[in-house]
Amino acid sequence: MVISREEASAALSAIDQTTGRSQTLRAYGAAGPIAMLWGVIWVLGYGAMAMTPDYRWAWVWLPLDLVGFAATMWLVQRSRSAAARSSCASPLWKGIVAAIAITAVITAIYAMAGPLPAGLYMALPALLAGLAYIVLGLMRMTRFIWVGAAIIAATVAGFFLFPSSYALWMAAVGGIGLGLGGFWIWRA
Amino acid sequence: MLLDELIHQPLRLKIMAALWAEREAGPLDFARLKTISGATDGNLGSHLTTLEKAGYAEIAKDFVGKRPRTRVSITPKGSRAFRGHVEYLRQVVEDAGG
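Keeping their order, the protein sequence lines are chains A and B. Taking my numbering, the leading residue of the first sequence gets 1, the next gets one more, and so forth. Taking my numbering, the leading residue of the second sequence gets 1001, the next gets one more, and so forth.
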């Protein structure tokens, strides 16, 4: 049996699509638990912000961020072990680099801007995280686009609609929403 | 290099591509393979049996708790056949293009 160039080309294209889909699904399986983890951290962090004076907020987030980054690294390592030399974990590392860059940018903004209004102080990390998720989604994992957009929408909505209980809003809607988004990604 | 007619069937090609892509990560869950290939249960099962009979795929069945689990992996023979088939397809495209 001999096949034409068009048939061969279509078969190669089908192989590429299948391989890409396979890698994307594996990446979802690895990225979902990380998003769920950060959902829990947001619930704890923003929940604690609602109950503590603003001068303690940095001390609320420092241990949570450290635990979050350590746990994220562990999850990435675990997914890399499972995927061995497969390239699907690569977007996850890009996500880690993005998270470190965002943390550095937020720290720089806080340092340069001086005392910010409480709402803006709370909204900035969430907005940047939402943006990072959208960028991550544009690379391959399209579900992150929806999660990122939902985070940004929830952050902006709460800022204008519930300024007096914004921290609780971010804990409930942002944190739980991120956790559910992570679950949706994981179940892909 | 020759066309591998067993692999060239559209759904089996997708199954083999998925198994090849996941070869380093271990056996692929039946449900995940179904999602990747877009096949139905019956269709996937039938093509997997064909691939298993040819020695291209290995099917392992076990239980997780009380739930049955089916996992599939590509065999060394299947890997060689898939690589050869992809090489053949590339050759056809290049020859026709040149």
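Where is the CB? At the ideal position from N, CA and C, for every residue including glycine.
Exercise. Would a C-beta distance cut-off of 7 Å place A:W42 and A:G175 closer than the cut-off?
Worked result: Position 42 of the first sequence, counted from the first residue, corresponds to residue 42 of chain A. Position 175 of the first sequence, counted from the first residue, corresponds to residue 175 of chain A. Contact: yes.
Exercise. If you measure from the beta carbon of A:L12 to each beta carbon in chain B, is any gap under 7 Å?
Worked result: On the first sequence, residue 12 of chain A is found 12 positions in, with the first residue counted as 1. Any Cβ of chain B closer than 7 Å to the Cβ of A:L12 would place that residue at the interface, and such an atom is present.
Exercise. Could one say the Cβ of B:E1058 lies closer than 7 Å to chain A's Cβ atoms, at least one of them?
Worked result: Along the second sequence, one-based indexing puts residue 1058 of chain B at 58. Closer than 7 Å to the CB of B:E1058 there is not a single CB belonging to chain A.
For this session: Please confirm if the stretch 19-27 of chain A is in contact with the stretch 1023-1043 of chain B, defined as three or more CB-CB distances below 8 Å between the two stretches.
Result: The stretch 19-27 of chain A, when compared against the stretch 1023-1043 of chain B, does touch it at the 8 Å Cβ threshold.
Exercise. Taking the C-alpha atoms as reference points, what is the distance between A:P63 and B:A1039?
Worked result: In the first sequence, residue 63 of chain A corresponds to position 63, counting from 1. In the second sequence, residue 1039 of chain B corresponds to position 39, counting from 1. Spanning the two alpha carbons is a distance of roughly 47 Å.
For this session: Tell me whether B:F1063 is buried or exposed, calling it buried when 16 or more other Cβ atoms sit within 10 Å of its Cβ.
Result: Locating residue 1063 of chain B in the second sequence gives position 63, counting from the first residue. By the neighbour-count rule (16 or more Cβ atoms within 10 Å), B:F1063 is not buried but exposed.
Exercise. Which value, in whole angstroms, describes the spacing of the CA atoms of A:V2 and B:L1003?
Worked result: One-based indexing of the first sequence puts residue 2 of chain A at position 2. One-based indexing of the second sequence puts residue 1003 of chain B at position 3. A straight line joining the alpha-carbon of A:V2 with that of B:L1003 spans about 7 Å.
Problem set entry | Terminal residues of the alpha helix (DSSP H) in which A:T18 lies | As a position in the first sequence, residue 18 of chain A is number 18, starting the count at 1. Per DSSP, A:T18 is one residue of the alpha helix (DSSP H) stretching across 5-51.
For this session: For B:K1077, verify whether its CB is less than 6 Å away from any heavy atom of the ligand PLP.
Result: Ligands in the displayed structure: none, and consequently the ligand PLP is not present.
For this session: State yes or no: is the beta carbon of A:A8 nearer than 7 Å to at least one beta carbon in chain B?
Result: Looking up residue 8 of chain A in the first sequence gives position 8. It does: the Cβ of A:A8 has a partner Cβ on chain B nearer than 7 Å.
Exercise. Do B:Y1056 and B:A1021 have their C-beta atoms within less than 7 Å of each other?
Worked result: The residue you call residue 1056 of chain B lines up with position 56 of the second sequence. The residue you call residue 1021 of chain B lines up with position 21 of the second sequence. Taking 7 Å as the cut-off, the beta carbon of B:Y1056 is found no closer than this to the beta carbon of B:A1021.
Problem set entry | chain A contact residues for B:K1037, given Cβ-Cβ distances below 8 Å | Within the second sequence, residue 1037 of chain B is the residue found at index 37, counting from 1. With the sequence shown as reference, residue 1037 of chain B is identified as Ser, and Lys is not the correct amino acid for it. Chain A residues near B:S1037: T18.
Problem set entry | Environment of B:A1096 [buried if 16+ CB atoms lie within 10 Å] | What you label residue 1096 of chain B is simply residue 96 of the second sequence in a count that begins at 1. By the 10 Å Cβ count, B:A1096 comes out exposed.
For this session: List the endpoints of the continuous alpha helix (DSSP H) containing B:S1037.
Result: On the second sequence, residue 1037 of chain B is found 37 positions in, with the first residue counted as 1. Its alpha helix (DSSP H) spans residues 1030-1037.
Exercise. Skipping 5 residues on each side, what residues in its chain have a beta carbon closer than 7 Å to that of A:T52?
Worked result: Reading the first sequence from its first residue, position 52 is the one you call residue 52 of chain A. Taken in chain order, the residues that qualify are V60.
Problem set entry | Given A:M49 as reference, the closest of A:F69, A:W184, A:S164 once Cα atoms are compared | Taking the first sequence and counting its residues from 1, one reaches residue 49 of chain A at position 49. It is A:S164 whose Cα lies nearest to the Cα of A:M49.
For this session: Give every residue of the same chain whose Cβ lies closer than 6 Å to the Cβ of B:I1036, excluding the five residues on either side of it in the sequence, and list them in chain order.
Result: Here residue 1036 of chain B refers to the residue found at position 36 when the second sequence is read from its first residue. Result list for B:I1036: A1018, in chain order.
Exercise. By a C-beta neighbour count over all protein chains shown, 10 Å radius and 16 as the cutoff for buried, is B:K1014 buried or exposed?
Worked result: One-based indexing of the second sequence puts residue 1014 of chain B at position 14. B:K1014 comes out buried.
Exercise. What residues of chain B sit near A:L25, judged by a beta carbon separation below 8 Å?
Worked result: As a working note, residue 25 of chain A is residue 25 in the first sequence. Residues of chain B passing the Cβ test: R1032, T1035, I1036.
Exercise. DSSP beta-bridge partners for B:E1072?
Worked result: Here residue 1072 of chain B refers to the residue found at position 72 of the second sequence. Residue 1072 of chain B is actually Val in this sequence, not Glu. For B:V1072, which the question treats as bridged, DSSP gives the partners B:L1028, B:I1059.
For this session: Can you grab the Cα-Cα spacing for the pair B:R1023 / A:S13, in whole Å?
Result: The count along the second sequence starts at 1 and reaches residue 1023 of chain B at position 23. The count along the first sequence starts at 1 and reaches residue 13 of chain A at position 13. Their backbone Cα atoms lie some 20 Å apart in a straight line.
For this session: Give a yes or no on whether the C-beta atoms belonging to A:G179 and A:M73 are separated by under 7 Å.
Result: Position 179 of the first sequence holds residue 179 of chain A. Position 73 of the first sequence holds residue 73 of chain A. No. Outside cutoff.
Problem set entry | C-alpha gap between A:I151 and A:L120, whole angstroms | As a first step, residue 151 of chain A is located in the first sequence; it is residue number 151 there, counting from the start. As a first step, residue 120 of chain A is located in the first sequence; it is residue number 120 there, counting from the start. A:I151 and A:L120 have their C-alpha atoms spaced approximately 15 Å apart.
Exercise. Should B:K1014 be flagged as near chain A, meaning a C-beta pair shorter than 7 Å?
Worked result: Along the second sequence, read from residue 1 onward, the residue named residue 1014 of chain B stands at position 14. True, the Cβ-Cβ gap to chain A drops below 7 Å.
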